[in-house]
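If you're matching them up, the sequences are chains A and B in order. Here my numbering = 1-based position in the first sequence + 14. Here my numbering = 1-based position in the second sequence + 868. Note that CB positions come from ideal geometry on N, CA and C, so glycine has one too. Just so you know, these numbers come straight off a predicted model, no measurement behind them. This report concerns only the one structure given below.
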Amino acid sequence: MFDWTFTLVLVANGLLVGMMYALIALGFVLVFKATEAFNFAQGEFVMFGGFIAAAAITVLPWWVATLLAVAGMVAFCFGLERVVLRPLLGRPIIAVIMATIGVAALLRGVATLAFGPGTRAITLPIPDNPFFIGPVMLPPIDLVGAVVSVVFFAGFTWFFLHTRMGLAMRAVADNQQVASAMGINVRRYAALAWAMTGVVSALGGVIWGAMLGVDNQLALVGLKVFPVVILGGFESIAGAAVGGLIVGVVESLSAGYLDPLVGGGTKDFMPYVLMIAALMVRPYGIFGKVQVQRV
Amino acid sequence: MFYRAAGTFKTSYAADMAFYPLPVSRRALAALLVLLVVLPPLFASDYVLAVLDLILVAVVGAVGLNLLTGNTGLISIGQGGFMAVGAYTAANLIVRAHAPFWIALPAAGAVTALIGTMVGIPSLRIRGLYLTIATLAAQFIIEWMINHVTWISGGIQATIQMAPPVVFGYSVHTQAGFYLFLLPFALVAVIAAKNIERTRLGRAFIAVRDQDIAAEIIGINIFRIKLIAFAISSFYAGVAGALYSYYLGIANYEQFQIDVSIDYLAMVIIGGLGSVTGSILGAAFITLLPVVTRRALEAISGLLPAGLDVPGIVPELRLCLFGGLIILFLIAEPEGLDRLWRNVRTYFRTWPFSY
Chain A
15 MFDWTFTLVL VANGLLVGMM YALIALGFVL VFKATEAFNF AQGEFVMFGG
65 FIAAAAITVL PWWVATLLAV AGMVAFCFGL ERVVLRPLLG RPIIAVIMAT
115 IGVAALLRGV ATLAFGPGTR AITLPIPDNP FFIGPVMLPP IDLVGAVVSV
165 VFFAGFTWFF LHTRMGLAMR AVADNQQVAS AMGINVRRYA ALAWAMTGVV
215 SALGGVIWGA MLGVDNQLAL VGLKVFPVVI LGGFESIAGA AVGGLIVGVV
265 ESLSAGYLDP LVGGGTKDFM PYVLMIAALM VRPYGIFGKV QVQRV
Chain B
869 MFYRAAGTFK TSYAADMAFY PLPVSRRALA ALLVLLVVLP PLFASDYVLA
919 VLDLILVAVV GAVGLNLLTG NTGLISIGQG GFMAVGAYTA ANLIVRAHAP
969 FWIALPAAGA VTALIGTMVG IPSLRIRGLY LTIATLAAQF IIEWMINHVT
1019 WISGGIQATI QMAPPVVFGY SVHTQAGFYL FLLPFALVAV IAAKNIERTR
1069 LGRAFIAVRD QDIAAEIIGI NIFRIKLIAF AISSFYAGVA GALYSYYLGI
1119 ANYEQFQIDV SIDYLAMVII GGLGSVTGSI LGAAFITLLP VVTRRALEAI
1169 SGLLPAGLDV PGIVPELRLC LFGGLIILFL IAEPEGLDRL WRNVRTYFRT
1219 WPFSY
């Protein structure tokens, strides 16, 4: 007997969590679109943003702490672009991958040295009582996260479609050389893309930190980014949203149905299995650009 | 090996292909080998020997990963997972069939090569970053399988005791014994990789890395070459994993998690992509990093604030150094330690007339 209510609950929760994955994946996609840098440190960005917010929230109101985290991450990302990624322009992809892995290690080490190994809490003024729609129970923090995520997706979509800067960023993403020839300052837009990633990561850090608590483990949400962006395609914002939702639902369903059968832990790798299957059918993701290589 | 090359004329292809064209460098190498075999077990303390043992294991794994990542250009974040496959293959053979090491180690390599080839199959369609993430997926799936399939790991703790290897009737269990046990494997790994690089296969690896479509046009079956690269690299990883488990006395999946994969990638990057010598230097460098960090902290402990928990901050400090050094090498010396070593050699070889 198939339990429809149970499935509905799982899907609804999966969709909410998926939106929050999508928010983190958005940070990844923004950078990849503008600079083709593959950011392995996305999870650490989120963790670091969470740490800043958690440290600030003990003395400041929550919204100041959030703004502080955003400002801190934007400054960090600007610096990172200038010091680490700009010298690596035009180098093979492994150089950028390893550089971001190095940044990830550095951030983990610095975060623990600076903020201590314990788990910190972020308390937002959000009620604890779950929210009910029919039989479906929705935790308020997930709901807030999903709403923030939707707002940001709408905002970035508007930005890219209707502003001059957005147009310039799309031009840079499309072809750096041509964009440069048209008088667009490519480096400035690369820095801008990193700054946007800083904003998104800091907010992701606050929301995920409020859900899970802030410690080194928070960086592990970054590992969820890869199936999301691969399913969606590396350079598609809509893809990040769809990929996030798919990963959230798959995770939730495998935790609900597969875990009891095989003894747990499927939630962490089912998205990857799905990702490999999807890659075999569409090697550039659902919304990804098909790359034509020339010899 | 510092020498002056002058007046050497090669009269045969064999002489041209020789690794060490000059007698003086051959003799120096032989002397170095003898020193490597004789000196550490006689004079080094157990602590130093333990570090050397770890370096030898890392050399095997790093040389293998460099063939895949450096020479063929396929970035793999699954080396730790592959090592785990080798470790558990060897452990199961030893526990269930009482296999001696000369069966367990090649079998570990062969099984891992098989798994590695399966992981490489998506490279038929996907390339670049997408393939890298597929190897990351392999890492997670392997970890989960080992942890949850009791047939492989014998339970939820996922730890299997391994009997020490028996060589010529001697059971290897001291640090010095393990040094002498591991050294030949590291040497064979290095010599084999050096030779793979000069064969048709090795040239094909490099052609696929540099321009895969052009490689296909000159008659290289890219898919086959990529799979072979995965197989060879995984074979190395499997042997390294089995050796490491022999050394630890247990096979335990916690020794082969994603941070290990990243460590090995760092060895290859810091050492120098596509260079066997670089792999050796990188393996030594990354293995020594935590040891040196701890020693340095202890040496300056008088200068540090009194309340500081020195052993407690070593892992974090190591992470910082690790990340910082990777970035530094990528920006300042992209060709790694191998290039630095060659610079030093060239300097002395041409000194005092460096032009």
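Contacting residues, own chain, Cβ-Cβ under 8 Å from residue i (five flanking each side not counted)
i: Asn-143 of chain A; result: Pro-154
i: Phe-92 of chain A; result: Ala-205, Trp-208, Ala-209, Gly-212
i: Thr-1161 of chain B; result: Val-1182, Leu-1185, Arg-1186, Leu-1189
i: Asp-811 of chain B; result: Any answer about residue 811 of chain B is impossible in this case: the structure gives chain B only from 869 up to 1223.
Backbone secondary structure at residue i - three-state DSSP
i: Phe-145 of chain A; result: strand
i: Met-196 of chain A; result: coil
i: Ala-1075 of chain B; result: helix
i: Ile-111 of chain A; result: helix
i: Arg-105 of chain A; result: coil
i: Met-1030 of chain B; result: coil
i: Arg-1186 of chain B; result: helix
i: Ser-1039 of chain B; result: strand
i: Met-869 of chain B; result: No answer about Met-869 of chain B holds up, because its pLDDT of 47 lies below 50 and its placement is not dependable.
i: Ala-1205 of chain B; result: The sequence as given places Leu at residue 1205 of chain B; Ala does not occur at that position. Helix at Leu-1205 of chain B.
i: Val-1017 of chain B; result: coil
i: Val-73 of chain A; result: coil
i: Ile-1118 of chain B; result: strand
i: Leu-1157 of chain B; result: helix
i: Phe-152 of chain A; result: In the sequence as displayed, the identity of residue 152 of chain A is Leu instead of Phe. Strand, per DSSP.
i: Arg-134 of chain A; result: strand
7 Å Cβ shell around residue i - same chain, five flanking residues per side excluded
i: Pro-968 of chain B; result: Val-1034
i: Arg-122 of chain A; result: Glu-58, Asn-230, Ala-233
i: Phe-145 of chain A; result: Leu-152, Pro-154, Leu-157
i: Leu-102 of chain A; result: Ala-109, Val-110, Ala-113
i: Leu-1193 of chain B; result: Ile-1138
i: Ala-252 of chain A; result: Phe-301
i: Ile-1010 of chain B; result: Gly-949, Ala-952, Val-953
i: Glu-1084 of chain B; result: Ile-1090
i: Val-186 of chain A; result: Ala-48, Ala-193, Ile-198, Val-200, Tyr-203
i: Gly-28 of chain A; result: Gly-262, Val-263, Glu-265, Ser-266, Leu-267
Neighbourhood of residue i by C-beta, 6 Å cutoff - its chain only, sequence neighbours within 5 removed
i: Thr-1027 of chain B; result: Ile-1118, Asn-1120
i: Pro-139 of chain A; result: none
i: Asn-1211 of chain B; result: none
i: Pro-1032 of chain B; result: Ser-1039, Val-1040, His-1041
i: Val-98 of chain A; result: Ala-113
i: Ile-1086 of chain B; result: none
i: Val-242 of chain A; result: Tyr-35, Ala-39, Gly-257, Gly-258, Val-261
i: Ile-1154 of chain B; result: Asp-1131, Ala-1134, Met-1135
i: Ser-1021 of chain B; result: Ile-1014
i: Ala-26 of chain A; result: Val-150
i: Ala-70 of chain A; result: Ala-79, Leu-82
Taking only runs that begin and end inside the segment 936-1015 of chain B, name each unbroken alpha helix (DSSP H) of 4 or more residues, in chain order.
Within the segment 936-1015 of chain B, complete alpha helix (DSSP H) segments of at least 4 residues are found at 947-965, 969-988, given in chain order.
For the structure I just gave you, are there three or more beta carbon pairs, one from the segment 991-1003 of chain B and one from the segment 1149-1160 of chain B, closer than 8 Å?
Look at the beta carbons and you see the segment 991-1003 of chain B not touching the segment 1149-1160 of chain B: under three pairs across the two are nearer than 8 Å.
Are at least three pairs of beta-carbons, each pair with one atom in the segment 244-253 of chain A and one in the segment 209-223 of chain A, less than 8 Å apart?
At 8 Å Cβ cutoff, the stretches do not touch.
Flag this pair as touching only if the segment 1050-1065 of chain B and the segment 916-928 of chain B have three or more C-beta atom pairs under 8 Å; answer yes or no.
Judged by Cβ distances under 8 Å, the segment 1050-1065 of chain B makes contact with the segment 916-928 of chain B, as three or more pairs qualify.
Any residues in the segment 107-123 of chain A with a beta carbon nearer than 8 Å to a beta carbon of chain B? Which ones, in chain order?
Hits within the stretch, in order: Ile-107, Ile-108, Ala-109, Ile-111, Met-112, Ala-113, Ile-115, Gly-116, Val-117, Ala-118, Ala-119, Leu-120, Leu-121, Arg-122, Gly-123.
When you compare the segment 250-264 of chain A with the segment 19-39 of chain A, are there three or more beta-carbon pairs, one atom per stretch, that lie closer than 8 Å?
Counting Cβ pairs under 8 Å, three or more are found: they touch.
Near-chain A residues of the segment 980-993 of chain B - C-beta to any C-beta below 8 Å:
The segment 980-993 of chain B vs chain A, Cβ under 8 Å: Pro-990, Arg-993.
Is it a yes or a no for the segment 953-970 of chain B touching the segment 1084-1095 of chain B, going by three-plus beta-carbon pairs under 8 Å?
No contact exists between the segment 953-970 of chain B and the segment 1084-1095 of chain B.
Contained alpha helix (DSSP H) runs [length at least 4] in the segment 894-939 of chain B, N- to C-terminal order:
Runs found: 914-934.
Give, in chain order, every residue of the segment 1175-1203 of chain B whose Cβ lies closer than 7 Å to some Cβ of chain A.
For the segment 1175-1203 of chain B, which is checked against every Cβ of chain A, the residues closer than 7 Å are Ile-1181, Glu-1184, Leu-1185, Leu-1187, Cys-1188, Phe-1190, Gly-1191, Gly-1192, Ile-1194, Ile-1195, Leu-1198, Ile-1199, Pro-1202.
Of all the residues that make up the segment 87-102 of chain A, which are near chain B by a beta-carbon distance shorter than 7 Å?
Of all residues in the segment 87-102 of chain A, Val-98, Pro-101, Leu-102 have a Cβ within less than 7 Å of some Cβ in chain B.
Is it the case that the segment 948-964 of chain B contacts the segment 1103-1111 of chain B, given that we only count it when at least three CB pairs across the two stretches are under 8 Å?
Pairwise C-beta distances place the segment 1103-1111 of chain B in contact with the segment 948-964 of chain B, as three or more of them are shorter than 8 Å.
Taking beta-carbon pairs under 8 Å, can you tell me which members of the segment 263-297 of chain A lie near chain B?
So the list reads Val-276, Gly-277, Gly-278, Gly-279, Thr-280, Asp-282, Phe-283, Tyr-286, Val-287, Met-289, Ile-290, Leu-293, Met-294, Pro-297, given in the order they occur along the chain.
Residues in the segment 41-55 of chain A with C-beta within 7 Å of chain B's C-beta atoms, listed in sequence order?
For the segment 41-55 of chain A, which is checked against every Cβ of chain B, the residues closer than 7 Å are Phe-52.
By the 9 Å beta-carbon criterion, what residues does the segment 234-259 of chain A contribute toward chain B?
Among the residues of the segment 234-259 of chain A, those with a Cβ less than 9 Å away from any Cβ of chain B are Leu-237, Phe-240, Pro-241, Val-243, Ile-244, Phe-248, in the order of the chain.
Note down, in chain order, all residues in the segment 1077-1092 of chain B with a beta-carbon under 9 Å from any beta-carbon belonging to chain A.
Of all residues in the segment 1077-1092 of chain B, Gln-1079, Asp-1080, Ile-1081, Ala-1082, Ile-1085 have a Cβ within less than 9 Å of some Cβ in chain A.
With a cut-off of 8 Å, do at least 3 Cβ pairs link the segment 1064-1082 of chain B to the segment 931-944 of chain B?
The segment 1064-1082 of chain B vs the segment 931-944 of chain B: in contact.
Would you check if the segment 76-96 of chain A and the segment 270-277 of chain A touch, i.e. whether three or more CB-CB distances between them fall below 8 Å?
Taking one beta carbon from each stretch, the segment 270-277 of chain A and the segment 76-96 of chain A have fewer than 3 pairs nearer than 8 Å; the two do not touch.
Using 8 Å as the Cβ pair cut-off and three pairs as the minimum, do the segment 976-984 of chain B and the segment 953-963 of chain B touch?
Touching, per the Cβ criterion.
Identify each residue in the segment 155-178 of chain A for which the Cβ-Cβ distance to at least one residue of chain B is less than 7 Å, and report them in chain order.
Near chain B, meaning a CB-to-CB distance below 7 Å, no residue of the segment 155-178 of chain A qualifies.
For a minimum of 4 consecutive residues, which ranges assigned as the alpha helix (DSSP H) are wholly contained in the segment 231-283 of chain A?
Complete alpha helix (DSSP H) runs here, min 4: 239-246, 251-267, 273-276.
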